[in-house]
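This report concerns only the one structure given below.
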Amino acid sequence: MKKETRTFREYRYRPLLPHQIRLLSFNTGSEELHIIHTDFNTAPSYTSVSYSWNDQQRDHDVHVDSHKLKIIDNLRIGLPYLIKRASTQFLWVDEICIDQENEAERVIQIPLMEEIYTRCQECLVWLGDGTPETDIAIDAIPRISEHVNLYATLESNLWKGLVNLLSRPWFTRVWTLQE
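In this note's numbering, each residue's number is its place in the sequence shown (first place is 1) plus 14.
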């Protein structure tokens, strides 16, 4: 039996009107993604996403509105996890919600980012795929705050996990404080 392959055309951004932003719309359990335009002042509740680009090339496809949109590998890996954990049905992800090829749009949208992150219902941070050590570190964060003498109480795997976790590129980004 011949497997049917579907070809997708490249996604083309529609221009934003003044005071508009784009949001990535999704339904939990569905792989369909859509980009909507909304007035920033009346936008629905949304989840903003913070992650690192790490000088990665935008050479991976995500399907949006039955078209393909190029994104970096870090976001391609993280997007399913972020969608699953979001408490809203809309994400604001700079790489997707700002037309990266449109310099004029970036000049307008980038200064709005502080306000975009301020107004979001929640902000999810994608640090990259977990490892057994970083999983231990994440699970231990609530315990760490309870310990007075950290050096005497933490296991070596926990320290390795914390070092691995805190060495991720997200923690060295200029944008982290703003987000």
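For each residue, glycine too, the CB sits at the ideal point set by N, CA and C.
- For Leu179 versus Thr148, is the C-beta spacing smaller than 8 Å? Residue 179 sits at position 165 when you count from the first residue of the sequence shown. Residue 148 sits at position 134 when you count from the first residue of the sequence shown. The answer is yes: Cβ separation under 8 Å.
- Message: Considering only the alpha carbon of each residue, which of Ile150, Gly144 and His33 lies closest to Ala57?
- Response: Taking the first residue of the sequence shown as 1, we reach residue 57 at position 43. Per the Cα distances, His33.
- Grab me the residues of Ile130's own chain with a C-beta within less than 7 Å of its C-beta, minus the 5 sequence neighbours each way, in chain order. Sequence index remark: in the sequence shown, residue 130 carries index 116 (1-based). Taking Ile130 as the centre and dropping the five residues before and after it, the same chain places the C-beta of Ile35, Ser62 and Trp106 closer than 7 Å to its C-beta, in chain order.
- Neighbourhood of Ser59 by C-beta distance below 6 Å, restricted to the same chain and skipping five residues each side: Translated into the one-based positions of the sequence shown, residue 59 becomes position 45. A distance below 6 Å between beta-carbons, with the five flanking residues on each side excluded, links Ser59 to the following residues of its chain, in chain order: Thr102 and Gln135.
- Query: What are the residues that DSSP puts in a beta bridge with Glu136?
  - Reply: Against the sequence shown, residue 136 aligns to sequence position 122. BP columns for Glu136 point to Thr61.
- May I ask which residues mark the beginning and end of the alpha helix (DSSP H) holding Leu89? In the sequence shown, the residue the question calls residue 89 occupies position 75. Start and end: Asp87 to Arg99.
- Task: Note down, in chain order, each residue of its chain lying with its Cβ closer than 8 Å to the Cβ of Val162, except the 5 sequence neighbours on either side.
- Result: For the purposes of this step, residue 162 is taken as the residue at position 148 of the sequence shown. No answer about Val162 holds up, because its pLDDT of 42 lies below 50 and its placement is not dependable.
- Taking Asn171 as the reference, which of Trp184, Thr145 and Pro156 has the closest Cα? Your numbering for residue 171 matches position 157 in the sequence shown. The shortest C-alpha separation from Asn171 is found at Thr145.
- Can Trp184 and Val139 be called in contact, C-beta distance under 8 Å? Residue 184 sits at position 170 when you count from the first residue of the sequence shown. Residue 139 sits at position 125 when you count from the first residue of the sequence shown. The beta carbons of Trp184 and Val139 sit closer together than 8 Å.
- Item | Distance, Arg182 Cα to Glu24 Cα | Translated into positions along the sequence shown, residue 24 becomes position 10. Translated into positions along the sequence shown, residue 182 becomes position 168. Distance between the alpha carbons of Glu24 and Arg182: 31 Å.
- Item | Helix, strand or coil at Arg23 [DSSP, three-state] | The residue you call residue 23 lines up with position 9 of the sequence shown. DSSP places Arg23 in strand when its eight states are reduced to three.
- Item | Where the alpha helix (DSSP H) through Val121 begins and ends | In the sequence shown, counting from the first residue as 1, residue 121 sits at position 107. That run of the alpha helix (DSSP H) goes Glu117 to Gln123.
- Item | N-terminal and C-terminal residue of the beta strand (DSSP E) that Ile49 is part of | Position 35 of the sequence shown holds residue 49. Judged by DSSP secondary structure, Ile49 falls within the beta strand (DSSP E) whose first and last residues are Leu47 to Asp53.
- Grouping DSSP H, G and I as helix and E and B as strand, with all else coil, what is Ile112? Position 98 of the sequence shown, counted from the start, is the residue given in the question as residue 112. Correct three-state label for Ile112: coil.
- Bridge partners of Trp106, per DSSP? Locating residue 106 in the sequence shown gives position 92, counting from the first residue. The partner list for Trp106 (beta bridge, DSSP) reads Ser62.
- Given Arg120 as reference, the closest of Phe22, Leu30 and Thr21 once Cα atoms are compared: In the sequence shown, residue 120 corresponds to position 106, counting from 1. Arg120 has its Cα closest to that of Leu30, out of Phe22, Leu30 and Thr21.
- Which of the three DSSP states, helix, strand or coil, is assigned to Leu172? Walking along the sequence shown from the start, residue 172 turns up at place 158. DSSP, read as helix, strand or coil, puts Leu172 in helix.
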